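Chemist: The opening residue of the sequence shown carries number 6 in my numbering; numbering runs sequentially from there. Have a look at the structure that comes next, please.
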Amino acid sequence: MADGVLPSQALRAMIARGEIAAGPAVLAAQIQPASLDLRLGSLAYRVRASFLTGQGRRVADRIAEFEMHRVDLSGGAVLEKGCVYVVPLIEHLALPPAVSAVANAKSSTGRLDLLTRTITDGGVEFDRIAAGYTGPLYAEICPRSFSVLVRPGQRLNQIRFRSGQATLSDADLQALHARDALVDGVAMISDGLGFSVDLVPRQGDLVGYRAKPHTGVIDLDRIAAYEPGDYWEEVRSREGRIILDPGAFYILVSREAVTIPPDHAAEMAPYLAMAGEFRVHYAGFFDPGFGHRSAGGSGARGVLEVRCHEAPFVLEHGQIVGRLVYERMAEVPDTLYGAGLASNYQGQGLKLSKHFR
């Protein structure tokens, strides 16, 4: 197989060879066009602080250093806002020497401000799994805005596998855009495809949502169950700008409608320091077919999960806030985002997570 991001059919082959293993076995529903959903195990460790494992060290040993208490998830349990938990995942890996991986939170996880990162034995970075890694996987979970009710088997994060070099250069990205338009307008290409924030909606003045500071628990299994007003304040603007408050969490939307061609995948860069002291998008995978006509799309805007740091910051309509980094697929997936899959966000605009009505 050529270098690139490994597609769904390659993931099935890895499972068959035991390179991705789990007990209970991996479910067909976990396999996405260019990634695999990871499942929570039955035990969570409440730890004093977030940590990286460190070269030559095991996560289990670091948990023993920092553990405060254990939470049995088997009957459902609440992970409290502001606390840090480490949960062993059901899946484990035995990667070939040429295959590495990167993990990220799923879209609905990010939209709940549920900071979820993957750690491994010997890991020196969050969400990065070295080529040839053999061993267990763990999710570090820190609910930032809402306490959440979780159960074993729930899928909060996902993993994408790569063989060799996959990232497109700016010249490659320009050529791809000329062949298959990636945005509905001028493509701002510099270390990826730039995107900006939309603060002048076509109708009305609703530009986003801000998480309320004191809310009830969200059961992650309940879909379309919660009233948005119980958890979110509407953010409105008639001037095309808003002021971000330090520490507050916002759901906004990109001005551009983007597409991901079937032979490519993309990842949204989580932080662009030169744009301002805020972080955009905690859940960054865009699958082949997202917003693309081949999968029933006509462009889809990126939902921006925004947290401001340090000082109040003025965000204005059309301001560049981040970029999409495109990658080649090793081959076209046998399933595309939005095409016959239960894809919650194909053709999306400003949209909260699937848990809200």
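Just so it is clear, CB atoms sit at the ideal spot from N, CA and C, and this is done for glycine as well. Just so it is clear, the structure is predicted and the values come from calculations on it, not from any experiment.
Which residues in the same chain as Ala347 place their Cβ atom closer than 7 Å to its Cβ, once the five residues preceding and following it in sequence are excluded?
Modeler: The pLDDT assigned to Ala347 is 49, lower than 50, so where the model puts this residue is not dependable, and the model offers no usable value.
Chemist: Could you check whether Phe151 and Tyr364 sit closer than 8 Å to each other, using their CB atoms as the reference points?
Modeler: Since the first residue of the chain shown is 6 and the last is 362, residue 364 is not available in this structure.
Chemist: Helix, strand or coil: which one does DSSP assign to Glu364?
Modeler: A question about residue 364 goes unanswered here, because the residues of the chain that appear run from 6 up to 362.
Chemist: If the criterion is Cβ atoms closer than 8 Å, does the pair Ile228 and Pro317 meet it?
Modeler: no
Chemist: List the whole-angstrom C-beta distance separating Leu100 from Ala136, where the pair is believed to meet the contact cut-off of C-beta under 8 Å.
Modeler: 7 Å
Chemist: Quick check for students: name the residue ranges of the alpha helix (DSSP H) that lie wholly in the segment 106 to 140, counting only runs of 4 or more.
Modeler: 112 to 116
Chemist: Is the number of C-beta pairs between the segment 181 to 199 and the segment 259 to 269 that are closer than 8 Å three or more?
Modeler: yes
Chemist: Once DSSP output is grouped into helix, strand and coil, what is the label at Val64?
Modeler: helix
Chemist: So which of Gly213, Asp226, Arg207, Arg243 has the shortest CA-CA distance to Phe254?
Modeler: Gly213
Chemist: I need the DSSP call for Ile70, collapsed to helix, strand or coil.
Modeler: The displayed chain sequence assigns Glu, not Ile, to residue 70. Of the three classes helix, strand and coil, the one that applies to Glu70 here is helix, per DSSP.
Chemist: If you draw a straight line from the alpha carbon of Tyr350 to that of Arg116, how long is it in whole angstroms?
Modeler: The predicted model places Tyr350 with a pLDDT of 47, which falls under 50 and marks its position as unreliable, so this point remains unresolved.
Chemist: Take Pro148 as the anchor and find which of Ser55, Ala30, Pro38 has the nearest alpha-carbon.
Modeler: It is Ser55 whose Cα lies nearest to the Cα of Pro148.
Chemist: Determine, using beta carbons only, whether Gly327 and Ala274 come nearer to each other than 8 Å.
Modeler: yes
Chemist: CA-CA distance, Ile164 and Leu178?
Modeler: Cα-Cα distance, rounded: 24 Å.
Chemist: What residues match up with Leu249 in a beta bridge as DSSP calls it?
Modeler: Phe318
Chemist: Identify the residues that DSSP records as bridge partners of Ile164: which are they?
Modeler: Looking at the DSSP assignment, Ile164 forms a beta bridge with Leu41, Ala108.
Chemist: Taking the straight line between their C-alpha atoms, what separation do you get for Ala21 and Val31?
Modeler: 10 Å
Chemist: Among Gly354, Ile265, Ser259, which one has its Cα closest to the Cα of Arg298?
Modeler: That would be Ile265, whose Cα lies nearest to the Cα of Arg298.
Chemist: If you check the beta carbons only, do Leu225 and Gln159 fall under 8 Å apart?
Modeler: A distance below 8 Å separates the beta carbons of Leu225 and Gln159.
Chemist: What does DSSP give as the partner residues of Leu94 in its beta bridges?
Modeler: For Leu94, which the question treats as bridged, DSSP gives the partners Leu45.
Chemist: Does DSSP put Pro233 in a helix, in a strand, or in coil?
Modeler: In the structure shown, Pro233 falls within a helical segment according to DSSP collapsed to helix, strand and coil.
Chemist: Using 8 Å for Cβ pairs, my map puts Leu84 next to Gly197. What's the rounded Cβ distance?
Modeler: Going by Cβ atoms, the distance from Leu84 to Gly197 rounds to 33 Å, so no, they are not a contact pair.
Chemist: In chain order, what residues of the same chain have a beta carbon less than 6 Å from the beta carbon of Phe131, not counting five sequence neighbours either side?
Modeler: Sequence-distant partners of Phe131 (beyond 5 residues in either direction) whose C-beta falls short of 6 Å from its own C-beta, in its chain, are Arg122.
Chemist: Within 10 Å of its beta-carbon, does Leu211 have 16 or more other beta-carbons around it, so buried, or fewer, so exposed?
Modeler: So Leu211 ends up on the exposed side.
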